[in-house]
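Protein chains in written order, with full-length UniProt numbering: chain A, 1 to 248; chain B, 1 to 248.
Think of the CB as a built atom: it goes at the ideal place given N, C-alpha and C, for glycine as much as any other residue.
To start, the structure under review is shown below, and the notes come after it.
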DNA sequence: TTGCATCTGTGCGCTAGCGCACAGATGCAA
DNA sequence: TTGCATCTGTGCGCTAGCGCACAGATGCAA
């Protein structure tokens with residue numbers, strides 16, 4: 001099993017780890033622990049001291065806030081382009097939001113202490129993580145803008161595209177109910193919007209599975225928010241000053 | 001004039017500068033330049049290299065995004081508790097959003113080079129700014145949540161309270177039109193909500209001026225978002241590890 | 001192979017907020 | 001002191017999205 005895993009899995013499947021200079025990655029590698037991240041797993045919640053950070057490879061994590069009345073809203077998503085647990089190095093150690101796995105898969109986790117040792121060298125890892133954090137802030141900002149001004153259908157398109165960008169295939173495994181709770185809208189609203197997209201032959205879906213058929217069709221149907229976020233991630237993480245390119 | 005200014009103005013009116021250890025502030029102080037920040041001044045815009053960062057003392061700045069169709073939405077606000085220009089030290093040097101002064105006043109500006117010199121010492125200033133950035137992220141997140149789930153009246157209350165927290169008095173100088181464009185809603189919506197608050201004797205207003213009469217009344221009328229943001233700022237900036245207390 | 005939990009589809013009444021239009025109030029500039 | 005730009009108030013029709021209810025489809029577990 002371990003052999004099989006190491007054949008299939010590699011820390012460089014995570015883009016942040018992939019762009020680190022070799023010497024930094026060599027120092028971290030012995031501490032990186034491949035772990036399954038299962039649908040519904042809570043990676044952290046409010047007022048909880050972070051013990052680890054996670055570099056997802058095939059899993060996707062949602063950062064979201066759950067209100068007193070139980071309603072929720074996603075703030076940002078983290079997949080193979082990022083890291084879960086930024087409040088560790090930002091200094092707050094926790095946030096009012098939750099991090100929950102919404103697409104099961106794998107990731108590499110690293111003990112808080114080991115991350116901070118490398119971060120405190122104030123070298124490439126620190127610079128990379130701060131740039132990543134800024135990109136994440138852009139995603140949060142654009143979520144706020146999009147929630148304010150755009151239709152459920154536009155938001156669904158944006159969300160599908162952002163999720164797709166973190167996946168190797170064009171199929172998402174998730175129910176409409178789950179998408180609705182991520183976006184903070186009614187399930188029926190997603191049923192209707194997804195129906196429109198299916199009739200337009202942009203996606204096809206069956207119980208719990210969505211396949212994107214026409215990516216550029218979705219792009220033309222979404223709002224500008226998707227593009228803003230994508231460009232900002234590219235800008236911030238493709239020229240990291242680490243003399244390595246961000247995988248596209 | 002300069003004498004009068006220095007009598008009235010002090011870098012420690014900005015809370016971030018106030019909690020810095022004396023030796024750090026002493027190094028920065030000669031480089032801090034008191035500048036007026038006038039209503040409508042654009043502190044930075046997209047794709048512009050930051051030349052300075054700003055520590056507002058009496059001014060308030062809005063970080064907002066303007067859409068292709070001209071509509072806008074505020075992402076977060078920065079007053080005497082913060083700094084404008086975090087993308088400088090985060091490494092991105094710009095953001096897709098704009099920073100515009102919406103309450104005129106003063107602030108201290110610091111050349112990018114001088115800020116980075118101190119930041120790169122990786123001491124108390126760096127730790128403080130990263131914690132502040134995390135608090136700002138919470139504000140952005142909560143803006144997203146609030147935009148999704150809460151009524152215009154609740155949002156207005158939240159916004160008034162957050163703005164009030166950055167001001168010395170209980171009077172805000174701004175038109176309903178300006179508030180509407182900050183929140184990204186119709187001006188008529190603000191007229192209606194403000195009318196309700198006035199009839200409830202929580203505020204009184206006249207053309208361009210809003211006076212808050214009953215702060216706790218506003219607090220009981222707003223959503224949980226205000227409290228989340230306020231507590232998080234307090235938590236992150238009151239225990240900075242700089243052995244000084246954050247002014248309340 | 002069937003049963004059943006769960007997912008998706010549809011309909012309906014309701015309302016918050018939008019866009020537009022225009023009247024009246026206000027207060028600064030000349 | 002007046003004129004006028006600008007701010008605030010109000011009304012109206014419209015619609016996106018909500019909450020609720022329930023029917024039918026699906027696909028996994030036993």
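Test: residue i CB closer than 8 Å to a CB of chain B
{"i": "residue 264 of chain A", "result": "Residue 264 of chain A lies beyond the stretch modelled for chain A, which goes from 1 to 248, so this question has no answer here."}
{"i": "residue 161 of chain A", "result": "no"}
{"i": "residue 138 of chain A", "result": "yes"}
{"i": "residue 182 of chain A", "result": "no"}
{"i": "residue 127 of chain A", "result": "yes"}
{"i": "residue 243 of chain A", "result": "For residue 243 of chain A, the predicted model reports a pLDDT of 39, less than 50, meaning its position is unreliable and no value from the coordinates is stated."}
{"i": "residue 99 of chain A", "result": "no"}
{"i": "residue 145 of chain A", "result": "yes"}
Alpha helix (DSSP H) segment containing residue i, residue limits
{"i": "residue 203 of chain A", "result": "Careful: residue 203 of chain A lies outside any alpha helix (DSSP H), inside the beta strand (DSSP E) at 203-206."}
{"i": "residue 216 of chain B", "result": "215-221"}
{"i": "residue 73 of chain B", "result": "No alpha helix (DSSP H) contains residue 73 of chain B, which is instead part of the beta strand (DSSP E) from 72-78."}
{"i": "residue 16 of chain A", "result": "15-19"}
{"i": "residue 171 of chain A", "result": "Unbroken run through residue 171 of chain A is the beta strand (DSSP E), 171-173; no alpha helix (DSSP H)."}
{"i": "residue 48 of chain B", "result": "Segment: none, residue 48 of chain B is in no alpha helix (DSSP H) and carries neither H nor E."}
{"i": "residue 28 of chain B", "result": "22-28"}
{"i": "residue 178 of chain B", "result": "176-183"}
is_contact[residue i, chain A] using C-beta, thresh 8 Å
{"i": "residue 75 of chain B", "result": "yes"}
{"i": "residue 96 of chain B", "result": "yes"}
{"i": "residue 134 of chain B", "result": "yes"}
{"i": "residue 171 of chain B", "result": "no"}
{"i": "residue 233 of chain B", "result": "no"}
Rounded separation between residue i and residue j - CA only
{"i": "residue 19 of chain B", "j": "residue 235 of chain B", "result": "14 Å"}
{"i": "residue 17 of chain A", "j": "residue 40 of chain B", "result": "42 Å"}
{"i": "residue 197 of chain A", "j": "residue 227 of chain A", "result": "19 Å"}
{"i": "residue 195 of chain A", "j": "residue 214 of chain A", "result": "15 Å"}
{"i": "residue 37 of chain A", "j": "residue 101 of chain A", "result": "7 Å"}
{"i": "residue 125 of chain A", "j": "residue 117 of chain B", "result": "19 Å"}
{"i": "residue 177 of chain A", "j": "residue 221 of chain A", "result": "22 Å"}
{"i": "residue 224 of chain B", "j": "residue 232 of chain B", "result": "12 Å"}
{"i": "residue 158 of chain B", "j": "residue 219 of chain B", "result": "8 Å"}
Within chain B, the residues that residue i reaches when beta carbons sit closer than 7 Å
{"i": "residue 260 of chain A", "result": "With chain A running from 1 to 248 in the structure shown, residue 260 of chain A is simply not present."}
{"i": "residue 92 of chain A", "result": "131, 134, 236"}
{"i": "residue 42 of chain A", "result": "Going along chain B, no residue has its Cβ under 7 Å from residue 42 of chain A, so there is no contact; the nearest lies around 17 Å."}
Chain-ordered chain B contacts of residue i [CB-CB under 8 Å]
{"i": "residue 87 of chain A", "result": "134"}
{"i": "residue 149 of chain A", "result": "67, 71, 73, 184"}
Interface partners of residue i on chain A, CB under 8 Å
{"i": "residue 70 of chain B", "result": "Within 8 Å Cβ-Cβ: nothing; residue 70 of chain B doesn't reach chain A, min ~11 Å."}
Delimiting residues of the beta strand (DSSP E) encompassing residue i
{"i": "residue 190 of chain B", "result": "Counting along the chain, residue 190 of chain B falls outside any beta strand (DSSP E), though it belongs to the alpha helix (DSSP H) covering 187-199."}
{"i": "residue 37 of chain A", "result": "33-37"}
{"i": "residue 163 of chain A", "result": "Element bounds for residue 163 of chain A: not the beta strand (DSSP E) but the alpha helix (DSSP H), 152-164."}
{"i": "residue 62 of chain A", "result": "60-66"}
{"i": "residue 234 of chain A", "result": "Note, residue 234 of chain A: premise wrong, no beta strand (DSSP E); alpha helix (DSSP H) at 224-238."}
{"i": "residue 11 of chain A", "result": "Per DSSP, residue 11 of chain A belongs to no beta strand (DSSP E) and is neither H nor E."}
{"i": "residue 56 of chain B", "result": "52-56"}
Chain A residues whose Cβ lies nearer than 7 Å to that of residue i
{"i": "residue 224 of chain B", "result": "67, 68"}
{"i": "residue 228 of chain B", "result": "96"}
> If you scan the segment 72-137 of chain B from start to end, which runs of the alpha helix (DSSP H) of 4 or more residues do you find wholly inside it?
Replying inline: 86-90, 112-119
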